[in-house]
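So the sequence lines, in the order shown, correspond to chains A and B.
At position 376 of the first sequence (counting the first as 1) the number is 376 in the numbering used here, and the numbers step up by one without a gap.
At position 24 of the second sequence (counting the first as 1) the number is 24 in the numbering used here, and the numbers step up by one without a gap.
Every residue, glycine too, gets a C-beta built ideally from N, C-alpha and C.
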Amino acid sequence: MIEMKLITRRCGVINPLSIDDYVKAGGYKALNKAVKTDTIKLIEEIDKSRIRGRGGAGFPVVVKIASLAKEINEEKYLICNADEGEPGNFKDRYLMENDPHQIIEGMIIVAYMTRATHGYIYIRGEYTHAQNVMHWALDEARKQNFLGKKILGTDFNFDIEIRSGAGSYVCGEEFALIESIEGKPGRSRVKPPFPTQKGLFGKPTLINNVETFANIPLITSIGGEEFAKIGTKSSTGTKLICLSGNVKNKGVFEVPFGVSLRDAIDKLGGGVADGRKLKMVQLGGACGPIIPEYMLDMLIDYDRFEEFDSKTGAGAIIVIDERFSIFDILTRVVRFFEHESCGKCTPCREGNQQLLKMLEKFQENKAKVRDLVSLESLARVMHQTSLCGLGQTSPTAIIASLRYFRDDYIDRLDSLEM
Amino acid sequence: MVNLKINNIDVAVEEGTTILNAAKEYNIKIPTLCYYPDLGIKSDCRICTVEIEGQKGLVTSCSTAVREGMVVRTNSPRVLNARKTITELILANHDANCTACPKNLNCELQSLANKLGIDINRFESVYNPQPIDVNNPALVRNPNRCIKCGRCIDVCKTVQGVNVLEMMGRSHSMTITPAYGKPLNDLYCTFCGQCSSVCPVGAITEKDDTDQVWKAIHQDDMHVIVQVAPAIRVSLGEEIGLEAGNIVTGKIVTALKLLGFDEVFDTDFTADLTIIEEGNELLYRIKNNGVLPMMTSCCPGWINFAEQHFPEILDHLSSCKSPQQMFGALAKTYYAKKLGIDPKNLFVVSIMPCTAKKYEAKREEMQANEGLYDVDAVLTTRELGKMIRQMGIDFASLPTTEFDSPFGITTGAAAIFGATGGVMEAALRTVYEVVNQKPLENLDFVSLRGLEGIKEATVNLGGTDVKVAVCHTLSNARILAEQVKHGTSPYAFIEVMCCPGGCIGGGGQPYGTISKTRSERIDAIYKVDKDMPLRKSHDNPVVKSLYDEFLVEPLGEKSHHLLHTTYSQRDHN
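Laid out in structure tokens, this is it:
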């Protein structure tokens, strides 16, 4: 079997609403170990683990942790990004609903390492069940003194609150998320300063994805070196993948890095539903590239994904069968971004509606060669110049499709005139 | 120092310098749109984008600091294409009927498009006309021209602390608008016009009153007089292509005569008169245990702010009308009578550095004769520039002319009303001598000058040390007003000017006003003062004879009726 259940090993096994179940299954042991360990040593283990952020960008986790740890401030914040607005992703929800304490424990350990004073879990507005589970779990953890004052008899104080927005996609972007917690509309900020320097309420802030925090107790327990043995050279540990679309078995699966997309789709997903032929796969979500069938031997690995000039590690694998044209998918994707753009920077605000106009011409077989040229140019400019990840990645699917499905564009041209 | 290469030129700049400023130091021009020197970095327009060797994406030079060994290209094909594309995107969602725009030839978007060589826009127009806000006498907000750069929000929020404008909605339907899309006069807008001053396009402009003035000038039976505010003489030159800080008083008078005004007067005259009235009011309050600190009332933006945000402290405001309104009231009474003309046939125009003055002139209280406004039309410095250009006047080569009498003899004390600290300094020159009955040895209150946000001084009046304060921008006014509200203000007298730098930095001043321009205008103002034969308001012989002839005494019955006013709490305008 290609599955490797490490951070999902308790999912479906324990009662997520019972802290006792979690503790019986080995929970909060890592925290007990951590509070007896020197923080420098703890951070060293993260360094050795070479774990990278699971939210999509794949940024080395230790860099953020170390930079928050070295900031000297009376207040330092930790944020768990559970906004999970990316279409095709539902792994964070799975973790929150099935093993909430693992995330909380991960946050407490990171808070201990960095001397963060307060934590927030920013949960997507639509995830009401996950919000309820996390609320419950936080209360339980507080009762057992895993949260609150003088945690486990140490002089370390830390607590976590839950926040949530009104469902805007951009609030998954770190600065838009921070603005949202501050009570403002979700719009990104100019960087630098980065959140670890000046984040929530102007204080040093560390933001990590749910899955990243969920890996921290594991790393603390087994040690960085052991952890780094799992996966590939550039991508250590396991990855939660979300299979969806025209695949037989949809759902969340945990695999070590290095598994091929084809194996994931065929062996875990059971192949394309109803015996149809696979036309393409969109990786990562709406912001990810669309690749053709012949590329499915590609391995799930940060470095391999970077070839697309894109940040696609969030875990979505959306399978699309032969009934759909590339333009069916692209117009849907761009309409999504046209709706979700915050409107702050020019390329994203104005660009997405122009992309959509041009794609619709292809959809209706009315495009001219100049539309193809303009589409390609605009997509690249948006990717290179947008303020935040939303605008930068909104044309990723188009850019990839221009590479792998160029013939589909040519076929739709009205004439070969400029 | 940090060493880097920009376009193959070796550059050494201080650590922390942005690429944009580093390039500027070496005369490498990077185009910008949302960037404005005195405001925060927004990095929204993405026009100033540049390429850094080894980096995949492009970065905005306004927000990126230099690093040792960096290799920057500001005009590579990739960069130029990106800039062009972004500009085309903006133009595709813009009311680009340029000749119908007040900012035509003065528009940063237009000039950017020109520099980038945009002829054909590759993108389809997605421009969708929205209603224009013309519901107030001061400012016009035209969302169809807005490019969403955010400068207006920044100046309203961070400089003025008024927070009227905000981004609303998202994606391409995101608009910059007053809360809930309401018109400006339904909200706490002070009409300071700083937004119009920093807008790169024609999305917020002053309400253009030039047509109304032309009409009056060309009306045979109308006697049209004009007053020129203190701050205009050091800034109008910029409208006509001269450097900031040129003193062009005499040329303005000539130009206004050429435009067809019957008489050209100086607001400095009623500034002197303001000092006499306000100085006496201060002394009266001190002597009679009146409400202190007293706060100045010359600035209509500040008055609006106080009435809307600080209704509790309105009895701290001097009851004196502003010099503009004192002038209007005297013109429609004393002057009309003297000339033997019906006030109905007298049209009073003001040239002001200010957009809030347009609002002030339309306040109901400002009618010495019922049904007749004291001031009929207010033009900003920019509007006067426009009229001069319309008439084809070669301003630079004009001879100088003196102001007409009776409202033409003025003092240096009045001239400095245009700079932050000026009203206070002028008042102290008079109050000191009235109270202490001896000449003031040094007329220059240097500690009250300059661009510091809040300034203080202590003067000895009749044996008691009295503390005074001066502030400019409404953010600073809020600080002092809060103290007054809570009874913790240590001052006896406070000058408030709503615009940065005072009136020389007013919302109606020539475009492109930045700190450097403000300093240059301020220097020029103090030079005007220094060169005046009379430098104290109470030495103005015409003001003296006005009291002898007409007003009788400061704070007297006539003054009360014509030169003083009242304030009231307002929920909105």
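Asked                                                                                                                                                                                   : Found
Looking at the C-beta of residue 145(B), does it have a partner C-beta in chain A at a distance below 8 angstroms?                                                                      : no
Could you name the residues of the segment 161 to 187 of chain B whose beta carbon sits closer than 9 angstroms to any beta carbon of chain A, in the order they occur along the chain? : 166, 167, 168, 169, 170, 171, 172, 173, 174 and 175
Give the residues from the segment 49 to 60 of chain B that approach chain A closer than 8 angstroms (Cβ to any Cβ), ordered along the chain.                                           : 49, 56, 57, 58 and 60
Does any residue of chain B bring its CB to less than 8 angstroms from the CB of residue 287(A)?                                                                                        : no
Flag this pair as touching only if the segment 165 to 172 of chain A and the segment 335 to 346 of chain A have three or more C-beta atom pairs under 8 angstroms; answer yes or no.    : yes
Do residue 508(B) and residue 380(B) have their C-beta atoms closer together than 8 angstroms?                                                                                          : yes
Would the segment 469 to 487 of chain B and the segment 299 to 314 of chain B be scored as touching if the rule is three or more Cβ pairs under 8 angstroms?                            : yes
Using a Cβ cut-off of 7 angstroms, pull out every chain A residue sitting near residue 85(B), in sequence order please.                                                                 : 377, 378 and 381
Report the three-state DSSP secondary structure of residue 311(B) (helix, strand or coil).                                                                                              : helix
Which chain A residues sit within Cβ distance under 8 angstroms of residue 92(B)?                                                                                                       : 350 and 354
For the beta strand (DSSP E) that residue 377(B) lies in, which residues bound it at each end?                                                                                          : 377 to 380
What are the start and end residues of the beta strand (DSSP E) that includes residue 50(A)?                                                                                            : No beta strand (DSSP E) contains residue 50(A), which DSSP labels as neither H nor E.
When DSSP labels each residue in this structure, what does residue 268(B) get in the three-state scheme?                                                                                : helix
Looking only at its chain, what residues have a beta carbon closer than 8 angstroms to the beta carbon of residue 159(A), apart from the 5 residues adjacent to it on each side?        : 118, 119, 142, 147 and 148
Please report the distance separating the alpha-carbon of residue 354(B) from that of residue 73(A).                                                                                    : 44 angstroms
Identify the contact partners of residue 43(B) in chain A, using a Cβ-Cβ distance below 7 angstroms as the criterion.                                                                   : 190 and 387
Based on the DSSP output, what are the partners of residue 239(A) in its beta bridges?                                                                                                  : 255(A)
Quick one: what does DSSP say residue 1(A) is sitting in, helix, strand or coil?                                                                                                        : coil
Rounding to the nearest angstrom, what Cα-Cα distance links residue 320(A) and residue 88(A) in this structure?                                                                         : 12 angstroms
Who are residue 209(A)'s beta bridge partners in DSSP?                                                                                                                                  : 81(A)
I need the DSSP call for residue 295(B), collapsed to helix, strand or coil.                                                                                                            : strand
Beta carbon of residue 97(A), beta carbon of residue 217(A): below 8 angstroms?                                                                                                         : no
Report the rounded CA-to-CA distance for residue 402(A) versus residue 379(A), giving the unit in angstroms.                                                                            : 10 angstroms
If you run the structure through DSSP and keep just helix, strand and coil, what is residue 70(B)?                                                                                      : coil
So is residue 180(B) buried or exposed if we call it buried at 16+ other beta carbons inside 10 Å?                                                                                      : exposed
Taking the beta carbon of residue 27(B) as the centre, do at least 16 other beta carbons fall within 10 Å, making it buried, or is it exposed?                                          : exposed
Name the chain B residues whose beta carbon is nearer than 7 angstroms to that of residue 384(A)?                                                                                       : 57, 58 and 82
CA-CA distance, residue 331(B) and residue 188(A)?                                                                                                                                      : 54 angstroms
Determine, using beta carbons only, whether residue 346(A) comes closer than 8 angstroms to chain B.                                                                                    : yes
State the Cα-Cα distance for the pair residue 459(B) and residue 432(B), rounded to the nearest angstrom.                                                                               : 8 angstroms
From 325(B), 301(B), 242(B) and 343(B), pick the residue whose C-alpha is nearest to that of residue 397(B); which is it?                                                               : 242(B)
Go ahead and pull the three-state DSSP assignment for residue 304(B).                                                                                                                   : helix
Quick one: any contact between the segment 207 to 214 of chain A and the segment 72 to 92 of chain B, if contact means 3 or more CB pairs under 8 angstroms?                            : no
Reducing DSSP to helix, strand and coil, say where residue 59(A) ends up.                                                                                                               : coil
Taking only beta-carbon atoms, is residue 198(A) less than 8 angstroms away from chain B?                                                                                               : no
Have a look at the DSSP bridge pairing and note the partners of residue 223(B).                                                                                                         : 346(B)
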